[in-house]
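*Asks:* Numbering of the sequence shown is given in this note's numbering, commencing with residue 240 and proceeding in unit increments.
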Amino acid sequence: MLDKQTSQRILLDIIKLYPRKHKRRDAFYVLISTVLSQRTKDANTERASNALFRKFPTAYELSKAKVEEVEKLIKSAGMYKQKAKRVIQIAQEIVGRYGGRVPDTLENLVKLKGVGRKTANIVLAVSFGIPAIAVDVHVHRIANRMGIVKTKKPEETEVALAEILPKEYWTRLNGAMVNFGQRICAPRNPMCSVCIFREVCSYGQRNASGDSGSRDARS
Ligand code: SF4
């Protein structure tokens, strides 16, 4: 496992070199699009979110939508039957409990049906600028693979990363790690030969002869 100083330097480099620009930061959009993003690619999420928000731009409107209509609009995101019910329910809860405004605390966000800690932290960080580290599968995988943390669960990774990274950088970590994971450190076949972290990364050092080729590098 890497020491804290090296780990911090790597995380700061990833934040600096692989920033992720969010096209929209309004809380309801970020919340719903994050729910839609589960187990699908960014392009599919964007297509589904755009179609949905063209028709139902607010929590009030989505709360009254018919499930079948939402299903059609978000089909590209996959698991659309389940996701359609979930986003309508979230909209109804936001209207019923919070007057149509997305809550800005972790405690209240995770009370929304189907909203977990990762989604809540993304909303807090992206929409409200509140320091939060959103740990999804990408962040958890890359941090463990590189040797920055040694954890079993995303919740443990969140705590470990919070101890390494100064608070002012928390909001930018998730987007940068996702971007880095998509461009270089993919779940399978990470591009170690062109990765600037190869000399310090635990996985990169073990595989110093080049890219992992067809090997499954999900470790
Ligand atoms: S060296 Fe390979 S495994 Fe390590 S961060 Fe870079 S791409 Fe990922």
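Quick reminder that beta carbons are idealized off the backbone N, C-alpha and C, glycines included.
Quick caveat: nothing in here was measured; it's all calculated off a predicted structure.
If you run the structure through DSSP and keep just helix, strand and coil, what is residue 260?
*Replies:* On the sequence shown, position 21 is the one that residue 260 refers to. Coil.
*Asks:* In terms of residue numbering, what span does the alpha helix (DSSP H) encompassing residue 311 cover?
*Replies:* Position 72 of the sequence shown, counted from the start, is the residue given in the question as residue 311. Residues 306-312.
*Asks:* Within 10 Å of its beta-carbon, does residue 502 have 16 or more other beta-carbons around it, so buried, or fewer, so exposed?
*Replies:* Only positions 240 to 458 of the chain appear in this structure, which leaves residue 502 out of reach.
*Asks:* How many angstroms separate the CA atom of residue 309 from the CA atom of residue 373?
*Replies:* Against the sequence shown, residue 309 aligns to sequence position 70. Against the sequence shown, residue 373 aligns to sequence position 134. Those two C-alpha atoms are separated by around 27 Å.
*Asks:* Whole angstroms is fine: what's the gap from residue 243's alpha carbon to residue 395's?
*Replies:* If you number the sequence shown from 1, residue 243 lands on position 4. If you number the sequence shown from 1, residue 395 lands on position 156. Rounded to the nearest angstrom, the two C-alpha atoms are 16 Å apart.
*Asks:* Report the option in 352, 285 and 281 whose CA atom is closest to the CA atom of residue 324.
*Replies:* Against the sequence shown, residue 324 aligns to sequence position 85. Ranking 352, 285 and 281 by Cα distance to residue 324 puts 352 first.
*Asks:* How many Å lie between residue 338 and residue 299 at the Cα?
*Replies:* In the sequence shown, counting from the first residue as 1, residue 338 sits at position 99. In the sequence shown, counting from the first residue as 1, residue 299 sits at position 60. Cα to Cα, the separation comes out at about 9 Å.
*Asks:* When every heavy atom of the ligand SF4 is checked, does at least one fall within less than 7 Å of the C-beta of residue 423?
*Replies:* Taking the sequence shown and counting its residues from 1, one reaches residue 423 at position 184. Yes, the ligand SF4 has a heavy atom inside 7 Å of this Cβ.
*Asks:* Is it buried or exposed, residue 326, if we count other Cβ atoms within 10 angstroms and call 16 or more buried?
*Replies:* Counting from 1 along the sequence shown, the entry for residue 326 is found at position 87. Counting Cβ neighbours within 10 Å, residue 326 comes out buried, since at least 16 surround it.
*Asks:* Is the closest heavy atom of the ligand MN to the C-beta of residue 318 under 7 Å?
*Replies:* No copy of the ligand MN appears in this structure; the ligands present are the ligand SF4.
*Asks:* Are residue 411 and residue 254 close, meaning C-beta to C-beta below 8 Å?
*Replies:* By one-based count along the sequence shown, residue 411 stands at place 172. By one-based count along the sequence shown, residue 254 stands at place 15. In contact: residue 411 and residue 254 (Cβ atoms closer than 8 Å).
*Asks:* Under the assumption that residue 446 contacts residue 431 (Cβ atoms under 8 Å), give the Cβ distance between them as a whole number of angstroms.
*Replies:* Residue mapping note: residue 446 aligns to position 207 of the sequence shown, counting from 1. Residue mapping note: residue 431 aligns to position 192 of the sequence shown, counting from 1. Confirmed, about 6 Å.
*Asks:* Mapping DSSP to helix, strand and coil, what is residue 250?
*Replies:* Taking the sequence shown and counting its residues from 1, the one referred to as residue 250 is at position 11. In the structure shown, residue 250 sits in a helix (DSSP, three-state: H, G or I).
*Asks:* Between the Cα of residue 330 and those of 295, 405 and 257, spot the shortest distance and give me the residue it belongs to.
*Replies:* Position 91 of the sequence shown holds residue 330. Comparing Cα-Cα distances from residue 330 to each of 295, 405 and 257, the minimum goes to 295.
*Asks:* Would you kindly report the start and end of the unbroken alpha helix (DSSP H) that includes residue 278?
*Replies:* Translated into the one-based positions of the sequence shown, residue 278 becomes position 39. Careful: residue 278 lies outside any alpha helix (DSSP H) and carries neither H nor E.
*Asks:* Do residue 319 and residue 288 have their CB atoms nearer than 8 Å?
*Replies:* Taking the sequence shown and counting its residues from 1, the one referred to as residue 319 is at position 80. Taking the sequence shown and counting its residues from 1, the one referred to as residue 288 is at position 49. No; because the gap between Cβ atoms is not below 8 Å, this pair is not in contact.
*Asks:* With a Cβ-Cβ cutoff of 8 Å, do residue 413 and residue 361 count as a contact?
*Replies:* Here the question's residue 413 lines up with position 174 in the sequence shown. Here the question's residue 361 lines up with position 122 in the sequence shown. The answer is yes: Cβ separation under 8 Å.
*Asks:* Cβ of residue 385 versus every heavy atom of the ligand SF4: is any distance shorter than 7 Å?
*Replies:* In the sequence shown, counting from the first residue as 1, residue 385 sits at position 146. Residue 385: yes, Cβ under 7 Å from the ligand SF4.
*Asks:* Helix, strand or coil: which one does DSSP assign to residue 347?
*Replies:* Here residue 347 corresponds to residue number 108 of the sequence shown, with the count starting at 1. It is helical.
*Asks:* Under a three-way DSSP split, which group does residue 373 fall into?
*Replies:* Position 134 of the sequence shown holds residue 373. Looking at residue 373 - three-state DSSP - the assignment turns out to be coil, as it is neither helix nor strand.
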